[in-house]
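Engineer:
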Amino acid sequence: MKPAVSTHQLTKHYGRIKAVENLTLDIPEGSVFGILGPNGSGKTTTLGMLLDVINPTYGSYSWSGSASKTENRCKIGSLLETPCFYPYLSAVMNLKIIATIKKAGHDRIDEVLKTVGLYERRNSQYRTYSLGMKQRLALAAALLSNPPLLILDEPTNGLDPVGIAEIRDIILAVAKLGKTVILASHLLDEVQKVCSHFCILDKGRLVHSGPVSDVSESEQRVELGATDMELLRETIKAYPPLIQSEEEKDKVIALIPIDKVSEFSQFLSKKGIIITHFLTRRKSLEKQFLDILKEQQ
Amino acid sequence: MRRLFNIEWAKLKYHTPFWIFAGLHIFILLMIFLSAKFFLDFLAGKGEMINDVIDPSRIPVLQFPDVWHNITYVAGFMKIVLAIYVIISVCNEISYGTLRQNIMNGMSRGEFMISKFFLILLLSLSAMVFLLITGLAFGFIYTKNIELHEVIKYVEFLPAYFLQVTIYLLVAFLLALVIKRTGLTMGLLILYTYIVEPIIVFRIKTEWIKNLFPLRSINNLIRFPFSKYLLRETQDYVALQDFGIAMAYTALFIYLIYLALKKKDL
Ligand SMILES: Nc1ncnc2c1ncn2[C@@H]1O[C@H](COP(=O)(O)OP(=O)(O)OP(=O)(O)O)[C@@H](O)[C@H]1O
Ligand SMILES: [Mg+2]
């Protein structure tokens, strides 16, 4: 896959603080690319450089295609950290200014306001919005020009659970159209649900980059429930290929080799267990994230 | 270009302080001119008493052609009002984060600069048009024998005023970009305009060095007009040399603004 954007030794120093250090990275076109990392690891700084609002100390990046950087930014929907709008203008007026900047028509304004659920409040001044509403407007602004590329930095910041789920659906819908999404987030669960690729930054350095499915090559997590939980627990422990098991309130989580899933379920039913819940899960991104960071230290 | 103007206009149209400061500027100028008018009427009324000293009909302050030189000179003192709005506008773009957002959305830094130049030109052009209307009104009221060549003589002070205001607003734009804080920028501009530069210029003895200071040099475009009523020598034209220095400052400030924007992490 050819990269939508590639960076070459991208570096940003703030005095002695190395916010981003020698970052060389390809972001495949059509991928949903998650950028992970602890607080202060350089995610926002990296995205800021891609959007030309932060001047790199060293290094470069390039978008696919021959358009100039300014033209490219017109075609990118972006949300960096906090939403920024004119507080004395309504949502509609703010979006009109953005559409003019992006050389896009005003015809999608109502549509994107409906998508993020702000249509009813479209004529209220921005300053009267709640935190979550501001974030929703920022997302509407990012979607406004129907861009082939979205850059979202913490898009779920301040949103309620419904809002978070809505954003996930929006990202998945956008990805389905073959568009590229670059997403920086702390909600690893969310990243795992939507991302096809991810990278991890730590103290400005790239420590891992690859597809999300790489995460669990050989192991499979299975979540189980049964009418007789006691029997289930004992039977699982007696299953020879079992790698590890964890017990939670109403379920047991078993870690088994990936090619043993169907054999495992046959094994359980042969023992006379009536299974009420059987869910295969990949090794969580969260776990891998923590493992990779631990390896670094 | 049209696009950049539309963007700036959409930001201004519903920004109440824009209308407040534009209105305030016009109001203050009107007040000054009207009080001058009442004062002259007063002198004319009491004519007999002070006839020996000054004959009011001999002071054609608001008559063609002197009116152009006089009102543009006086209006020059009030450009700080427009400069304060420019500072508010630019500092707001920084504190709201909208400058950064504008760039992210697809403006280049140069385009942002040009869009703010439209604000500056809008302010200085409308101030000039206001003086044109006021000057014509006073001229036709007070001039007894109107002759066309008298009406348009000295009209060059209108574009000189336009240039003066434009450069001053460029200074405000530059300071706002560098200092970023509304109150601080306003304070420093007022301090520099009314105290720092006048004191420095006062201390310097050599005339040509005095004339190189930025605010002094833009004020030089319109020299003190009233000395002619005391029969002193008065420069009643825009000197080419003053115009040259002002243009050099225009180029310098535009370059510095561009540099400040280019270098900035937003
Ligand atoms: N303007 C600045 N001046 C000085 N240091 C800065 C500046 N902006 C960022 N930094 C530093 O650069 C580093 C990276 O910051 P950045 O905002 O990119 O982190 P992040 O990964 O986005 O963190 P978070 O998860 O908290 O959003 C931090 O150590 C931060 O202190
Ligand atoms: Mg961040």
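Same order as they appear, the protein sequences are chains C and A. All letters in the first sequence, in the order written, are residues 266 to 562 by our numbering. All letters in the second sequence, in the order written, are residues 483 to 748 by our numbering. Every residue, glycine too, gets a C-beta built ideally from N, C-alpha and C. Since the structure is predicted, the reported quantities are computational estimates derived from the model, not experimental observations.
Rounded to the nearest angstrom, how far is the Cβ of Ile649(A) from that of Ile700(A), given a contact under 8 Å?
Structural biologist: Here the question's residue 649(A) lines up with position 167 in the second sequence. Here the question's residue 700(A) lines up with position 218 in the second sequence. That pair is a contact at about 5 Å.
Engineer: Within 8 Å, do at least three Cβ pairs link the stretch 448 to 467 of chain C to the stretch 534 to 550 of chain C?
Structural biologist: The stretch 534 to 550 of chain C, when compared against the stretch 448 to 467 of chain C, does touch it at the 8 Å Cβ threshold.
Engineer: Contact defined as beta carbons within less than 8 Å: I believe Ala449(C) pairs with Ile300(C). What is the distance between those atoms, to the nearest angstrom?
Structural biologist: The residue labelled residue 449(C) in the question sits at position 184 within the first sequence. The residue labelled residue 300(C) in the question sits at position 35 within the first sequence. Confirmed, Cβ separation roughly 4 Å.
Engineer: Measure from the alpha carbon of Gln583(A) to the alpha carbon of each residue in Asp375(C), Cys349(C), Lys361(C) and Phe298(C), then state which is nearest.
Structural biologist: As a working note, residue 583(A) is residue 101 in the second sequence. That would be Cys349(C), whose Cα lies nearest to the Cα of Gln583(A).
Engineer: Out of Leu748(A), Ala565(A), Phe500(A) and Asp523(A), which has the shortest C-alpha to C-alpha gap to Leu656(A)?
Structural biologist: For the purposes of this step, residue 656(A) is taken as the residue at position 174 of the second sequence. Minimum Cα distance to Leu656(A) is reached at Ala565(A).
Engineer: Going by alpha carbons, who is nearest to Ile436(C) out of Asn411(C), Gly423(C) and His473(C)?
Structural biologist: Stepping through the first sequence from its first residue, residue 436(C) is reached at position 171. Answer by Cα proximity: Asn411(C).
Engineer: Let me know the alpha helix (DSSP H) ranges lying completely inside the stretch 533 to 614 of chain A, each 4 residues or longer, listed in chain order.
Structural biologist: The qualifying runs are 548 to 557, 561 to 577 and 580 to 587.
Engineer: Pick from Cys339(C), Asp434(C), Gly443(C) and Gln485(C): whose alpha carbon is nearest that of Ile362(C)?
Structural biologist: As a first step, residue 362(C) is located in the first sequence; it is residue number 97 there, counting from the start. Of the listed residues, the one whose Cα sits closest to Ile362(C) is Cys339(C).
Engineer: Assuming Leu533(C) and Ile540(C) are in contact, meaning their beta carbons sit under 8 Å apart, how far apart are those beta carbons, in whole angstroms?
Structural biologist: Mapped onto the first sequence, residue 533(C) falls at position 268. Mapped onto the first sequence, residue 540(C) falls at position 275. About 6 Å; that satisfies the 8 Å criterion.
Engineer: Rounded C-beta distance between Leu409(C) and Ala440(C)? I'm assuming under 8 Å.
Structural biologist: As a working note, residue 409(C) is residue 144 in the first sequence. As a working note, residue 440(C) is residue 175 in the first sequence. About 18 Å; that fails the 8 Å criterion.
Engineer: Taking only three categories from DSSP, how would you classify Leu748(A)?
Structural biologist: Taking the second sequence and counting its residues from 1, one reaches residue 748(A) at position 266. Correct three-state label for Leu748(A): coil.
Engineer: Can you list, in chain order, the residues of the stretch 506 to 518 of chain A whose Cβ is nearer than 9 Å to any Cβ on chain C?
Structural biologist: Hits within the stretch: zero.
Engineer: Counting only the same chain and skipping the five closest in sequence on each side, list residues whose C-beta sits under 8 Å from that of Ile682(A).
Structural biologist: Stepping through the second sequence from its first residue, residue 682(A) is reached at position 200. Within the same chain, Ile682(A) has close Cβ partners Phe695.
Engineer: Quick check on Ser423(A) - is its C-beta less than 8 Å from some C-beta in chain C?
Structural biologist: Coverage of chain A is limited to positions 483 through 748, which leaves residue 423(A) absent and any answer about it impossible.
Engineer: What's the gap between the Cα of Leu555(C) and the Cα of Ile602(A)?
Structural biologist: Sequence index remark: in the first sequence, residue 555(C) carries index 290 (1-based). Sequence index remark: in the second sequence, residue 602(A) carries index 120 (1-based). Distance between the alpha carbons of Leu555(C) and Ile602(A): 54 Å.
Engineer: With respect to the beta strand (DSSP E) encompassing Thr289(C), which residues constitute its N-terminal and C-terminal limits?
Structural biologist: On the first sequence, residue 289(C) is found 24 positions in, with the first residue counted as 1. Segment Ile282 to Pro293, the beta strand (DSSP E) holding Thr289(C).
Engineer: With a threshold of 6 Å on Cβ separation, who are the neighbours of His278(C) within its own chain once the five nearest residues in sequence on each side are excluded?
Structural biologist: In the first sequence, counting from the first residue as 1, residue 278(C) sits at position 13. Once the five neighbours on either side are set aside, the close Cβ partners of His278(C) are Thr322.
Engineer: I'd like to know if Asp454(C) contacts chain A, where contact means its C-beta is closer than 8 Å to some C-beta of that chain.
Structural biologist: Here residue 454(C) corresponds to residue number 189 of the first sequence, with the count starting at 1. It does not: the Cβ of Asp454(C) has no partner Cβ on chain A nearer than 8 Å.
Engineer: Identify the continuous beta strand (DSSP E) that holds Lys399(C) and give its terminal residues.
Structural biologist: Here residue 399(C) is taken as the residue at index 134 of the first sequence, counted from 1. Careful: Lys399(C) lies outside any beta strand (DSSP E), inside the alpha helix (DSSP H) at Leu396 to Leu408.
Engineer: Which bits of chain A does Leu345(C) rub up against, with CB to CB less than 7 Å?
Structural biologist: Counting from 1 along the first sequence, the entry for residue 345(C) is found at position 80. Met586, listed in chain order.
Engineer: Check whether the Cβ atoms of Thr272(C) and Gly307(C) sit closer than 8 Å, and answer yes or no.
Structural biologist: Position 7 of the first sequence, counted from the first residue, corresponds to residue 272(C). Position 42 of the first sequence, counted from the first residue, corresponds to residue 307(C). Taking 8 Å as the Cβ cut-off, Thr272(C) and Gly307(C) do not qualify as a contacting pair.
Engineer: Could you tell me whether the stretch 662 to 675 of chain A touches the stretch 622 to 635 of chain A, where touching means 3 or more Cβ pairs closer than 8 Å?
Structural biologist: Judged by Cβ distances under 8 Å, the stretch 662 to 675 of chain A makes no contact with the stretch 622 to 635 of chain A, as fewer than three pairs qualify.
Engineer: Is there at least one non-hydrogen atom of ligand 1 closer than 7 Å to the beta-carbon of Ala284(C)?
Structural biologist: Position 19 of the first sequence holds residue 284(C). Yes, since a heavy atom of ligand 1 falls inside the 7 Å radius drawn around the Cβ of Ala284(C).
Engineer: Any heavy atom of ligand 1 within a distance shorter than 7 Å of the CB on Asn320(C)?
Structural biologist: For the purposes of this step, residue 320(C) is taken as residue 55 along the first sequence, with counting starting at 1. For ligand 1, not one heavy atom lies less than 7 Å from the Cβ of Asn320(C).
Engineer: Quick check on DSSP: helix, strand or coil for Cys464(C)?
Structural biologist: Sequence index remark: in the first sequence, residue 464(C) carries index 199 (1-based). Residue state, collapsed to three classes: strand.
Engineer: Of all the alpha helix (DSSP H) runs that stay within the bounds of the stretch 494 to 533 of chain C, which reach a length of 4 or more residues?
Structural biologist: Here the runs fully enclosed are 494 to 502.
Engineer: With a CB to CB cut of under 6 Å and the five nearest residues on each side skipped, what residues in its chain are close to Ala658(A)?
Structural biologist: Working through the second sequence from its first residue, we reach residue 658(A) at position 176. Cβ within range, chain order: Ile569, Val572, Cys573 and Thr667.
Engineer: Using a Cβ cut-off of 7 Å, which residues of the stretch 567 to 583 of chain A contact any Cβ in chain C, in chain order?
Structural biologist: Cβ contacts with chain C: Tyr578, Gly579, Thr580, Arg582 and Gln583.
Engineer: Taking the alpha carbon of Ser608(A) as the point to measure from, which residue in Gly621(A), Phe644(A) and Ile623(A) has its own alpha carbon closest?
Structural biologist: Your numbering for residue 608(A) matches position 126 in the second sequence. Nearest of Gly621(A), Phe644(A) and Ile623(A) to Ser608(A), Cα basis: Phe644(A).
Engineer: Using the C-alpha atoms, what's the distance from Leu378(C) back to Gly428(C)?
Structural biologist: In the first sequence, the residue the question calls residue 428(C) occupies position 163. In the first sequence, the residue the question calls residue 378(C) occupies position 113. Approximately 14 Å between the Cα atoms of the pair.
Engineer: What residue ranges within the stretch 315 to 400 of chain C form continuous alpha helix (DSSP H) runs of no fewer than 4 residues, ordered along the chain?
Structural biologist: Entirely contained in the stretch 315 to 400 of chain C, the alpha helix (DSSP H) runs reaching 4 residues are, in chain order, 334 to 339, 356 to 366 and 374 to 380.
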